[in-house]
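Here is the structure we will look at, set down as structure tokens.
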Amino acid sequence: MASEPTAMADLFESITSSQDVYTVELGVHFALQILFWWLPGITLVSLNYLAPSFSTRYKIQPAEKQHTLLDIGRCVAVSICNQAIELLLHFCLLNYYTSRGREATVRMKGDLPSLAEFTRDFVLSFIAREAIHYYLHRLLHWRPLYKRLHKIHHNFTAPIAFASQYAHPVEHILLNVLPITLPLVVLRSHVLVLIVMVGWDLLATSVAHSGYDFFLGLAKMHDRHHERFHVYFGSSGGFGIMDWAHRTNEESVVQKKVD
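Under our numbering, the residues of the sequence shown are numbered 3 to 261, in order.
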């Protein structure tokens, strides 16, 4: 067991020392999108065609609300554009940091993080991500911003996995990218913390938009947000923590109306 961290550290050192920082950091970015967003998304969207009886059993919203292949294609096209913009901005930020003597946007070289450091950065980043996402999401439901930005995302009242990145480019950066990356950059976290945080976030947001009710209630909560608009503003991977704290979960909203 003791040799496993050493082997991982040696592998990581060989990669970072043999490749330039652009290849490593942008390669990690691209790989995370493929492994934790595209592959889960393709799988979840395909269930409706490959396993229709299974899909019908677990779909949250009825068949008449489901989207056509044309809708899905449009959703994929917008998501690709948003990912291209995100990658370009990542390149620009990386270029800004390296031109000023910083090795990368996050820590790449040196020893792997200790368990204490990894846990600290993960917990702090998770808390910051939840807060930033929640308050920005609430702000995007302010009528002037909703009409100009957020309404595009809500065109999918019965969301699918690909709809998690179907958004105005400004919203995509503000809501999908900023909350997860800003804490990691500020903390100068190790890239392994970034891999776990971003991987989880991409997978959770795909699941939450899948429209299937077999993922710990993640999809059901976000499905209700797309249907009712004024409940569940928290991030997909936060399990409703911020909504519970601010009483914007569905039970609290109903209770407030009763009161």
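Even glycine gets a Cβ: it sits at the ideal position worked out from N, Cα and C.
These numbers come from a predicted model, not from an experiment.
Open item on the list: Taking only three categories from DSSP, how would you classify Lys149?
Closed with: helix
Open item on the list: By alpha-carbon positions, which one of Ala33, Leu49, Leu196 ends up nearest to Phe124?
Closed with: Leu196
Open item on the list: Tell me the residue span of the alpha helix (DSSP H) that contains Ser41.
Closed with: Going by the sequence as given, residue 41 is Leu instead of Ser. Taken as a continuous stretch (DSSP letters only), the alpha helix (DSSP H) holding Leu41 covers 41 to 52.
Open item on the list: Distance check for Tyr98 and Ala62, CA to CA, integer angstroms please.
Closed with: Checking the sequence shown, residue 62 turns out to be Ile, not Ala. Cα to Cα, the separation comes out at about 45 Å.
Task: Integer-rounded CB distance, given that Gly213 should sit under 8 Å from Asp225 - done: 6 Å
TODO: Report the three-state DSSP secondary structure of His143 (helix, strand or coil).
DONE: coil
- [ ] Quick one: residues in its chain with C-beta nearer than 8 Å to the C-beta of Leu34, no 5 flanking neighbours on either side, listed in chain order?
- [x] Ile197, Val200, Gly201, Leu204
Task: contact_flag[the stretch 159 to 175, the stretch 81 to 90] where n(CB pairs < 8 Å) is 3 or more - done: yes
Task: Inter-residue spacing [alpha-carbon to alpha-carbon] between Ala4 and Pro115 - done: Low local confidence applies: a pLDDT of 45 at Ala4 is under 50, so the model's placement there is unreliable, with the coordinate-based value given in what follows. So the alpha carbons of these two residues sit roughly 15 Å apart.
Task: Beta-bridge pairing of Lys61 - partner residues as DSSP gives them - done: Tyr214
Open item on the list: Which of the three DSSP states is assigned to Arg131 in this structure?
Closed with: helix
Open item on the list: Using 8 Å as the cut-off, can you tell me whether the stretch 50 to 67 makes contact with the stretch 177 to 190, which would need three or more C-beta pairs spanning the two stretches below that distance?
Closed with: no
Open item on the list: Could you tell me the alpha carbon to alpha carbon distance between Ala106 and Thr100, rounded to whole angstroms?
Closed with: 6 Å
TODO: Identify which residue in Ile182, Ala221, Pro171 has its Cα closest to the Cα of Leu90.
DONE: Pro171
- [ ] Spatial neighbours of Glu173 within its chain, please: CB distance less than 8 Å, with the 5 preceding and 5 following residues excluded, ordered by chain position.
- [x] Leu142, Leu151, His152, Ile154, His155
Task: Through-space distance from Phe14 to Leu220, alpha-carbon basis - done: 33 Å
Task: According to DSSP, residues forming a beta bridge with His192 - done: Arg109
- [ ] Give me the Cα-Cα distance between Thr208 and Asp12, rounded to the nearest whole angstrom.
- [x] The question names Thr, but residue 208 in the sequence shown is Ser. Whole-angstrom Cα-Cα distance: 33 Å.
Task: Ile17 vs Val23 beta-carbon contact at 8 Å - done: no
TODO: Give the straight-line distance between the Cα atoms of Val260 and Ile243, rounded to the nearest whole angstrom.
DONE: Its pLDDT being 49, under 50, Val260 is placed unreliably in this model, and the coordinates cannot settle the point.
Open item on the list: Considering only the alpha carbon of each residue, which of Ala65, Tyr234, Lys67 lies closest to Thr250?
Closed with: Tyr234
Task: First through last residue of the alpha helix (DSSP H) which encompasses Val23 - done: 23 to 35
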